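Numbers 434 to 853, taken from the working numbering, label the letters of the sequence shown in order.
C-beta atoms are modelled at their ideal positions from N, C-alpha and C, and glycine is treated no differently.
Treat the numbers as computed from the prediction; the structure is a model and nothing was measured.
These notes concern the structure reproduced below.
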Amino acid sequence: HEEVLFPVFIPYEFFGKESQHIRGFEKEVFWVSKGGEAGERLVLRPTSETAIMPMVKLWIQDYKDLPLRLYQIVSVFRAETKMTHPMIRLREISMFKEAHTVHVDREDAERQVREAVEIYRRIFDEMCLAYMINKRPDWDKFAGAEYTIAFDTVLPDGRTLQIGTVHYLGTNFTRVFELEYLDADGVRKLAHTTSYGISERSIAAMLITHGDDAGTTLPPSLAPIQAVVVPIFYGEEELPTIMPTVEEAAKALTGAGIRVYVDDRRDKTPGWKFYYWELKGVPLRVEIGKRDVEKRQVVVTRRDTLEKYAVKLDELVDAVGALMRAVGDSLRRRAWDELKNRIVRVVDVEAAKNAINSGKVVEVPWSGDNECGVKIQELIGAESLGIPLDEDASVGGYDLRDLACREKRAEIWLRLSQRY
434 HEEVLFPVFI PYEFFGKESQ HIRGFEKEVF WVSKGGEAGE RLVLRPTSET
484 AIMPMVKLWI QDYKDLPLRL YQIVSVFRAE TKMTHPMIRL REISMFKEAH
534 TVHVDREDAE RQVREAVEIY RRIFDEMCLA YMINKRPDWD KFAGAEYTIA
584 FDTVLPDGRT LQIGTVHYLG TNFTRVFELE YLDADGVRKL AHTTSYGISE
634 RSIAAMLITH GDDAGTTLPP SLAPIQAVVV PIFYGEEELP TIMPTVEEAA
684 KALTGAGIRV YVDDRRDKTP GWKFYYWELK GVPLRVEIGK RDVEKRQVVV
734 TRRDTLEKYA VKLDELVDAV GALMRAVGDS LRRRAWDELK NRIVRVVDVE
784 AAKNAINSGK VVEVPWSGDN ECGVKIQELI GAESLGIPLD EDASVGGYDL
834 RDLACREKRA EIWLRLSQRY
């Protein structure tokens with residue numbers, strides 16, 4: 434992917450070209466109502482498909498120019514009418530990482546969709562997040578997309594949060610922007626496009642998922658500080674004894690590529706520092722006191738479990754490396770265990786309602802009919818996540834009826850939840 438940067442203002446002439454797109458976003462758009470004497474209508478970028486297409490059209494001449502893969506990290510704006518939540522539901526999404534790709538045909542574009550899904554899998558695995566992968570129903574797909582694949586996670590209150598989306602746009606945008614290329618036989622054809630994006634929502638999900646009453650735990654591979662070294666002293670006279678060992682430990686860890694911070698502040702007690710770094714989510718704390726110096730050891734505390742380990746100074750690097758792996762594995766395992774316990778399959782309305790009210794994600798039988806799907810949402814008071822892609826969505830050989838349209842035979846499972 435090549436990094437680009439497109440303007441925040443989109444002329445309505447471009448924004449209004451794709452009819453489904455404008456219908457889907459019009460209520461969420463911020464309009465520039467006054468701009469000097471300019472008469473041109475402008476919108477604040479809600480997403481960038483319509484801003485990018487006119488430029489890409491100039492860059493692509495024939496099939497040799499494809500595929501084209503672009504990305505940018507920008508602010509996007511949504512006129513949210515629901516209650517906003519910091520980092521979860523915002524009117525300005527300030528760290529939106531959006532990718533836009535252009536391809537010769539559907540096959541190549543869908544190959545890119547699969548690659549994008551794998552990229553997001555790796556990112557969320559690194560964040561130790563558990564996630565569902567769902568194909569959004571037609572009534573909830575990205576405006577202008579042929580289909581949308583979404584990553585959803587469940588927060589501790591039982592509500593789900595969308596943390597990433599991948600869209601196959603087909604020729605919906607290239608048709609209205611007349612984005613064509615010359616194929617190998619000299620025939621002009623419409624290009625196929627995709628787009629996908631993640632934002633600070635994923636960071637919010639990470640902080641909340643791994644959080645407790647004392648703060649959070651950052652996955653070791655992503656933590657800016659992986660280990661904080663805290664000298665334990667009760668008077669300035671102890672510092673000359675302790676600090677050489679503190680510096681030795683910090684130097685050894687830094688030399689091994691571990692991100693270390695030494696908290697040697699004189700005006701804060703050791704207990705205050707413990708609470709402070711637990712709040713910040715630093716994965717490991719290395720404590721060194723007068724007795725530890727005498728024994729040539731340190732005490733290492735895990736943030737996720739608060740378990741303490743006495744470690745010989747010459748074994749510190751290996752021990753910290755092993756403990757960081759253990760913290761990451763533990764965070765990941767706990768997140769996945771929690772998610773699996775949240776998902777239930779039910780076949781009647783009352784059971785679905787009870788499960789939703791208990792903070793569960795429900796899978797219910799569905800015929801695939803859109804009107805029936807919307808009715809299911811209304812019946813149980815939940816929002817659809819879509820068709821599971823991370824497991825077999827078929828009801829198999831069971832003779833199940835659509836939860837809302839009992840006269841219709843169910844073909845697939847539909848996931849629903851309370852959503853942010």
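task = Throw me the rounded Cβ distance for the K745 and R729 pair, which I believe falls under 8 Å.
result = 7 Å
message = Assuming T702 is part of the alpha helix (DSSP H), what are its boundary residues?
response = Counting along the chain, T702 falls outside any alpha helix (DSSP H), and DSSP gives it neither H nor E.
Given E525 as reference, the closest of T514, A532 and T534 once Cα atoms are compared = For the residues T514, A532 and T534, the minimum Cα distance to E525 belongs to T514.
request  = Spell out the partners DSSP gives R839 in its beta bridges.
outcome  = Per DSSP, none; premise fails for R839.
query = For Y629, which residues does DSSP report across the bridge?
reply = A532 and V599
query = Which residues share a DSSP beta bridge with A583?
reply = N567 and T598
message = Assuming contact is defined by CB atoms lying nearer than 8 Å, are L475 and Y445 in contact in what I supplied?
response = Yes, these two residues count as a Cβ contact at 8 Å.
Uninterrupted alpha helix (DSSP H) stretches inside the region 760-828 (no shorter than 4 residues) = 782-790 and 803-813
query = Which partner residues of F442 appear in the DSSP bridge assignment?
reply = L477
key: beta strand (DSSP E) runs wholly inside the region 602-690, at least 3 long, in chain order   = 613-615, 621-623, 625-631 and 660-664
ask   = Can you list the alpha helix (DSSP H) stretches of 4 or more residues lying completely in the region 707-761, in chain order?
value = 723-728
request  = Pull up the DSSP beta-bridge partners for T514, would you.
outcome  = In DSSP, T514 forms no bridge with anything.
Y853 versus I665: straight-line alpha-carbon distance, rounded = 44 Å
task = Please say whether T534 and L501 have beta carbons closer to each other than 8 Å?
result = yes
ask   = Should R842 and R834 be called a contact, given that it needs their Cβ atoms to be closer than 8 Å?
value = yes
query = Any idea what DSSP makes of E435, helix, strand or coil?
reply = strand
Burial state of P440 (16 or more Cβ within 10 Å) = exposed
key: Contact between the region 627-636 and the region 683-695 (3+ Cβ pairs under 8 Å)   = no
request  = Give the C-beta separation of V550 and F529 to the nearest angstrom, bearing in mind that I take them to be a contact with Cβ-Cβ under 8 Å.
outcome  = Incorrect: roughly 18 Å between the Cβ atoms, too far for contact.
Supposed contact pair E844 and S800 - C-beta distance, whole angstroms, cut 8 Å = 6 Å
inquiry  = Can you tell me whether Q505 is helix, strand or coil according to DSSP?
reply    = strand
request  = Tell me, to the nearest whole angstrom, how far the beta carbon of M520 is from that of I636; I am working on the premise that it is less than 8 Å.
outcome  = 6 Å
request  = Mark N803 as exposed unless 16 or more other C-beta atoms lie within 10 angstroms of its C-beta, in which case mark it buried.
outcome  = With a 10 Å radius around the Cβ and a threshold of 16 neighbouring Cβ atoms, N803 comes out exposed.
query = Taking the alpha-carbon positions, what's the D737 to E727 distance?
reply = Roughly 28 Å separates the two Cα atoms.
query = Are V663 and E720 touching if we call contact CB-CB under 8 Å?
reply = yes
query = Among the residues of its own chain, which have a CB less than 8 Å from the CB of Q851, if the five just before and after it don't count?
reply = Excluding residues up to 5 positions away in sequence, G591, R592, T593, I789, G792, A815 and E816 lie with their Cβ nearer than 8 Å to the Cβ of Q851 in the same chain.
DSSP-derived helix/strand/coil call for D538 = coil
query = When burial is assigned at 16 or more other CB atoms within 10 Å of the CB, is N567 buried or exposed?
reply = buried
request  = Go ahead and label D725 buried or exposed: buried means 16 or more other beta carbons lie within 10 angstroms of its beta carbon, across all protein chains shown.
outcome  = buried
message = Helix, strand or coil for E844? Go by DSSP, reduced to three states.
response = coil
ask   = Does the beta-carbon distance from P589 to T650 come in below 8 Å?
value = no
ask   = Do you know how far the Cα of Q494 is from the Cα of E398?
value = Outside the displayed span of the chain (434 to 853) sits residue 398, for which this structure offers no information.
inquiry  = So, for F448: in the same chain, excluding its five sequence neighbours on each side, which residues have a beta-carbon less than 6 Å away from its beta-carbon?
reply    = V476 and T483
inquiry  = Using C-beta distances below 8 Å, list every residue in its chain close to V780, excluding the 5 sequence neighbours before and after it, in chain order.
reply    = V797, P798, L833 and L836
key: D571 versus L822: straight-line alpha-carbon distance, rounded   = 15 Å
request  = Have a look at D538, G819, R778 and G472 and flag the residue whose alpha-carbon is nearest the alpha-carbon of A583.
outcome  = Checked all of D538, G819, R778 and G472; the closest Cα to A583 is G819.
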